[in-house]
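Undergrad: Starting off with a structure, shown below.
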Amino acid sequence: MLGNRRLLALSAIAAVTVAAQLQSLPAAAAPPPGGGFSGVAGDFNGDGRDDIVTFTRGASADVYVALSNGSSFRGTGVKWHDYFAAGTETPLVGDFNGDGKDDIATFTRGAAADVYVALSTGSSFRGTGVKWHDFFAVGSETPAVGDFNGDGKDDIVTFTRGAAADVYVALSTGTRFVGTGWKWHDFFAVGAEIPAVGDFTGDGKDDIVTFTRGAAADVYVARSTGSGFVGTGWKWHDFFAVGSELPSVGDFNHDGRDDIVTFTRGAAADVYVARSTGSGFVGTGWKWHDFFAVGSEIPGTGDFTGDGRDDIVTFTRGAAADVYVARSTGSGFAGTGWKWHDFFAVGAEIPQPGVLW
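Residue numbers (mature numbering (1 follows the signal peptide of the UniProt record, and there is no 0)): -29 to -1, 1 to 328.
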C-alpha cells in the first residue's frame, strides 16, 4: 500500500541507480520572475479522467495535450494551441466557463499583468488573444485557480506574499474575470511561503492553504465564505513539507475533502500525505510512497483513472521526458515504475499538473 519497498540485499544497487539518475536529471525549469506556482490537473475532454498538458513557452509558445485513457496518456504530438503562454508567462488550468471541460489561462504578470484564456473544445484550445482581465497578479505575485464561490466556474486568485501578504480574487462570469481590487484576505502566505488552493472542508467552495516549510513546517488554512477567506491563524498541521520539500493538494481518499501531500524528492523521494478532517490535517508520518519524483523531477496530482481518488504524477523532463503515475488506493499510492508516457514535457517545458518552485 505504501509503494514498492526495496529489499535489503539490493540496497547498494539501488543507491548506485539513484546516483546515476541524479547525475542525468535536467536542470529545474526557471520559474517566472519572483517565484513559482502550483498547477492543478485538467480534464480537457470532459470524460471524467484528468489529462496532462505541457507549455513550451519561449518564442514558439506551443501547447500539447496527452489524454488519459485510465491506464496511460495517449498522444505525443497533439498540439492543442500554437501560441499561448509566451516567454516567461505563468500558465494554469481551470474550467472557467463551467462546461465540464478544463481550459487554460496565462498570466503575463509584470507591469501589464494581463490574463488571457483559451477555452477547450474537447480536442483543442480556441482563442489566442481573448483577454479576460487586464490588471491581475502584478509584478512577481503568485497566481492560482479555484472555484471560490461554488458556482461551478473556476476563478483566479493572486497572492502578493512578502510583508503585506494580501490575497485578491477575480470571479469568473463565464466570459471574463471581474474584480481587480477585491481583497479576500489581508495577511496570508507571508514572505516566501508556498500557497495553494483546495476544498478542504468539502462545502463546494475552494479554500486557500499556505505551507511555511523550513524548520517549523506549519500549514495554515483560510476557508472561503464565497466572498472572502476567513482565518489568519488557523493552523491545520504543525510539521509537514519540511525544508525544501514540495507540497501539493488533492482528494486522495475520495471523501470530498482535499488533503495535502509533500514530495521530499532528492535521492530518497518519499511521498507523505496528511488527510483533511474538515477542520485539520491528520497524519505526520504517513508515508504513501517511498520512491517517486526523484531528484528535480516535477510532481503533481490528479485523478487520472477517474475513480474519484487523486493520484500522483511525475515528469522527468530533459531528453527522456518520461511521465510516471502512482495510483491512489485510498491509503497509499501504488506503482513505482508505471510509465504512462515516454516523451512529454521535453527539456525545460512547463507541464501541468505540476508544482514548480
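Glycine residues also receive a C-beta, built at the ideal position from the N, C-alpha and C atoms.
Which value, in whole angstroms, describes the spacing of the CA atoms of Ala167 and Ser9?
TA: In the sequence shown, counting from the first residue as 1, residue 167 sits at position 196. In the sequence shown, counting from the first residue as 1, residue 9 sits at position 38. If I take the Cα positions, the gap works out to 6 angstroms.
Undergrad: Between Leu(-5) and Gly306, what straight-line distance do the alpha-carbon atoms span, to the nearest angstrom?
TA: For this step, residue -5 is matched to residue 25 along the sequence shown. For this step, residue 306 is matched to residue 335 along the sequence shown. With a pLDDT of only 34 at Leu(-5), under the threshold of 50, the placement of this residue in the model should not be trusted, and no figure is reported.
Undergrad: Would you list the residues sitting across from Phe182 in a DSSP beta bridge?
TA: Position 211 of the sequence shown, counted from the first residue, corresponds to residue 182. DSSP output for Phe182 lists Ile165, Val190 as bridge partner(s).
Undergrad: I believe Ile179 touches Phe159 by the beta-carbon criterion, under 8 angstroms. Please report the beta-carbon distance rounded to the nearest angstrom.
TA: On the sequence shown, position 208 is the one that residue 179 refers to. On the sequence shown, position 188 is the one that residue 159 refers to. 7 angstroms between Cβ atoms; contact.
Undergrad: Terminal residues of the continuous beta strand (DSSP E) containing Ala89?
TA: Numbered from 1 along the sequence shown, position 118 holds the residue referred to as residue 89. Where Ala89 is concerned, the enclosing beta strand (DSSP E) stretches over 86 to 91.
Undergrad: Which same chain residues, not among the five before or five after Thr131, have their C-beta less than 7 angstroms away from its C-beta?
TA: What you label residue 131 is simply residue 160 of the sequence shown in a count that begins at 1. Excluding sequence neighbours, Thr131 sits near Glu112, Asp137.
Undergrad: Which of the three DSSP states, helix, strand or coil, is assigned to Ala292?
TA: In the sequence shown, residue 292 corresponds to position 321, counting from 1. If DSSP states are grouped into helix, strand and coil, Ala292 belongs with coil.
Undergrad: Taking 8 angstroms as the threshold, find out whether the region 10 to 29 comes into contact with the region 311 to 328 through three or more Cβ pairs.
TA: Taking 8 angstroms as the limit for Cβ pairs, the verdict is that the region 311 to 328 does touch the region 10 to 29.
Undergrad: Are there three or more Cβ pairs, one per stretch, closer than 8 angstroms when the region 45 to 63 is compared with the region 293 to 307?
TA: Output reads no: the region 293 to 307 does not touch the region 45 to 63.
Undergrad: Which of the three DSSP states, helix, strand or coil, is assigned to Pro324?
TA: Translated into positions along the sequence shown, residue 324 becomes position 353. The answer is coil: DSSP assigns Pro324 none of H, G, I, E or B.
Undergrad: From the DSSP secondary-structure annotation, give me the bridge partner or partners of Thr25.
TA: Numbered from 1 along the sequence shown, position 54 holds the residue referred to as residue 25. DSSP, once it has assigned bridges, lists Tyr35, Pro322 as partnering Thr25.
Undergrad: Look at the alpha carbon of Ser42 and the alpha carbon of Thr272, and state the distance between them as a whole number of angstroms.
TA: Taking the sequence shown and counting its residues from 1, the one referred to as residue 42 is at position 71. Taking the sequence shown and counting its residues from 1, the one referred to as residue 272 is at position 301. Near 15 angstroms, if we compare the C-alpha coordinates of Thr272 and Ser42.
Undergrad: When DSSP labels each residue in this structure, what does Arg236 get in the three-state scheme?
TA: Your numbering for residue 236 matches position 265 in the sequence shown. Residue state, collapsed to three classes: coil.
Undergrad: Using the beta-carbon count (16 or more within 10 Å), is Gln(-7) buried or exposed?
TA: Here residue -7 refers to the residue found at position 23 of the sequence shown. Residue confidence for Gln(-7) is low, a pLDDT of 34 falling below 50, so the modelled location carries little weight; the figure read from the coordinates is stated next. By the 10 Å Cβ count, Gln(-7) comes out exposed.
Undergrad: Quick check: what's the CA-CA separation for Ala187 versus Thr146?
TA: Here residue 187 refers to the residue found at position 216 of the sequence shown. Here residue 146 refers to the residue found at position 175 of the sequence shown. Straight-line Cα distance between these residues: approximately 42 angstroms.
Undergrad: Can you list, in chain order, the residues of its chain whose CB lies under 8 angstroms from that of Ala56, leaving out five sequence neighbours each side?
TA: Stepping through the sequence shown from its first residue, residue 56 is reached at position 85. Only Phe26, Arg28, Ala32, Val34, Pro62, Ile75, Thr77, Ile321 meet the Cβ criterion.
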